[in-house]
Amino acid sequence: MAEAPCIAFLQWALPRLGLRWPGFRSVHKLVCKRLGQRLRELGLRDLAAYRNRLEGDPGEWREFDALCWIPISRFYRDRSVFEALERDVLPALSAAAAAEGRDRLACWSACCASGEEPLTLAILWRLRLGQPFPRLRVLATDIDPQVLDRGRAGCYRASSLKALPAELLAEAFESREAHWYVREEFRCVEFRQQDIRESVPEEKFDLVLCRNAVLTYFAPELQGEVMARVAATLRPGGALVIGIHENLPDGLAGFEPWNGERAVYRKLRNA
103 MAEAPCIAFL
113 QWALPRLGLR
123 WPGFRSVHKL
133 VCKRLGQRLR
143 ELGLRDLAAY
153 RNRLEGDPGE
163 WREFDALCWI
173 PISRFYRDRS
183 VFEALERDVL
193 PALSAAAAAE
203 GRDRLACWSA
213 CCASGEEPLT
223 LAILWRLRLG
233 QPFPRLRVLA
243 TDIDPQVLDR
253 GRAGCYRASS
263 LKALPAELLA
273 EAFESREAHW
283 YVREEFRCVE
293 FRQQDIRESV
303 PEEKFDLVLC
313 RNAVLTYFAP
323 ELQGEVMARV
333 AATLRPGGAL
343 VIGIHENLPD
353 GLAGFEPWNG
363 ERAVYRKLRN
373 A
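Okay, so the sequence shown: first residue is 103 according to the numbering used here, each after it adds one.
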């Protein structure tokens, strides 16, 4: 598929789903490839014909929406974030939970793709922070059932593991037939299908990771709506982690930077 017509089509279509073209700029070739496959499935000649199809068939928007799901992730993505979680954030949250008489720390990885982020958290907790801290519960949600199945299987290619420290890789994974498998004792993550645009978990969390999805791909108005719901799931004093190249949306009050850490915010106790 020619790039220029595809870009023009995305600039027209994405806002109609509450998405923003700048967020897709670096990944548009993947979406264009999927669009080409969809046109072949439908027997359509070009994107002009597909635009007519969308305008005449509201149900096709759901199919196009699925073409825009971006399942990009990797273990230990953005090392500085996980170093901050290990060094400061998780110990502080654990101490606060213990002071309140709670024996479990609840974490949510939103838009988790195939599970690299929540599994990194579980591995880090068990190998670096497990004792004498409370137990850890990790919920991971994503809209795409296929990537969630990959997360449940715990099977990854070496390219997903390049950033993971060698000692964590050696202890938490085993290699079989050119793939790496998360060892059973580290697969303590609950994977749940959920469209964050429509709903968020009803539980309360000490830590929420909402990185490189909502604040990258969603249009500003939708960002504000979704992040307000995400913020409401956090306990006072809890931590919200976003992407290192992202900013909190205008109007989202009640947060302050966590001890100067980049992309980590503390929910104020009076918020």
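The beta-carbon is built from N, C-alpha and C at its ideal position, and this holds for glycine as well.
Taken through DSSP and simplified to helix, strand or coil, W123 comes out as helix. Cα atoms of L116 and I245: separation of roughly 17 Å, rounded to the nearest angstrom. Within the model, the alpha-carbon separation for A208 versus L309 is close to 7 Å. DSSP places L317 in the uninterrupted alpha helix (DSSP H) bounded by 316 to 319. Sequence-distant Cβ neighbours of R337 in its own chain, meaning closer than 8 Å and more than five residues away, are K306, F307, D308, K369. In this structure, the beta-carbon distance from L270 to L231 does not fall below 9 Å. In the structure shown, the three-state DSSP call for L132 is helix.
For R237, the enclosing beta strand (DSSP E) starts and ends at 237 to 244.
Annotation note: the region 245 to 288 contains the following uninterrupted alpha helix (DSSP H) runs of length 4 or greater, listed N- to C-terminal: 247 to 255, 268 to 274. Taking all protein chains in view, the Cβ of S128 is surrounded by fewer than 16 other Cβ atoms within 10 Å, so the residue is classified as exposed. Here E218 is buried, its C-beta having at least 16 other C-beta atoms within 10 Å. Just so you know, the alpha carbons of P236 and A198 end up roughly 10 Å apart. The shortest CA-to-CA distance from W360 to any of R153, C170, R189 is the one to R189.
Taking 9 Å as the cut-off, the beta carbon of E304 is found no closer than this to the beta carbon of V191. Under the rule that a run must span 3 or more residues, the beta strand (DSSP E) segments found entirely inside the region 315 to 368 read 336 to 343, 357 to 359. Put simply, the backbone Cα of R371 is about 15 Å away from that of L354. Listed as beta-bridge partners of F184 by DSSP are no residues whatsoever.
Taking the CA atoms as reference points, R204 sits about 51 Å from I109. In the structure shown, L221 falls within a helical segment according to DSSP collapsed to helix, strand and coil. Taking a 10 Å sphere around the C-beta of P107, we find fewer than 16 other C-beta atoms and assign the residue as exposed.
Here C170 has L116, L119, L121, F126, V133, Y319 as same chain residues with Cβ atoms under 8 Å from its own Cβ, once five neighbours each way along the sequence are excluded. Boundaries of the beta strand (DSSP E) harbouring W210: 206 to 211, taken from the DSSP string.
Under DSSP, R118 shares a beta bridge with no residue.
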